[in-house]
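Okay, structure first, notes after.
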Amino acid sequence: MKIKYNPKLKEFARQLRNNATKSEVRLWQKLKRNQMYGYDFHRQKPIDNYIVDFFCNKLQLAIELDGYSHQILEIWEKDVLKTKKLNGLDIRVLRFSDFQVMNDMDNVLRTIEDYILQYEETGILPLTEELL
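The sequence shown begins at 230 in the working numbering and counts up by one.
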């Protein structure tokens, strides 16, 4: 599937890559260079009118890392809209908190691996949990 790309977000995505959070850097160390079952992930990928933290085109998987500010209602509501829009583009979204990445990396990686293994076993993009 062709991903909608907004060229207006290219420079902002570059700035986000250059100013990554500690949790983004830590997870990127596990995803880059096809380390995750040979799948190619990209950082700060513009899709439609959004930028996702990590994206794998083959898996149609976006991974979002949420810091403490995402607990604020207005930001949480924007996250819900972003997830719904991406789901509407047939992109699945996995969300993790910065705390999870920094303190429970094994389970974060296990969740991503489970998604990949389900996809490889069935050839169908697995469902991801919606934000409640």
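Note that CB positions come from ideal geometry on N, CA and C, so glycine has one too.
Given the structure is predicted, the values throughout are model-derived calculations rather than measurements.
Skipping 5 residues on each side, what residues in its chain have a beta carbon closer than 8 Å to that of residue i?
i, result
"D327", "T250, K251, S252, L294, D295, G296 and Y297"
For a quick check, are the C-beta atoms of residue i and residue j less than 7 Å apart?
i, j, result
"Q273", "A242", "yes"
"V337", "F325", "yes"
"V330", "T357", "no"
Please go through the same chain and pick out, in chain order, the residues whose beta-carbon is closer than 6 Å to the beta-carbon of residue i, but skip the five residues on each side of it.
i, result
"Y266", "I345"
"I276", "I232"
Can you tell me which of the three DSSP states residue i falls into?
i, result
"Y268", "strand"
"A249", "coil"
"K287", "coil"
"D282", "strand"
"D327", "helix"
"L294", "strand"
Please determine, among the options, the residue with the shortest C-alpha to C-alpha distance to residue i.
i, options, result
"I292", "N248, K259 and K237", "K259"
"L245", "D282, D333, L318 and G317", "D282"
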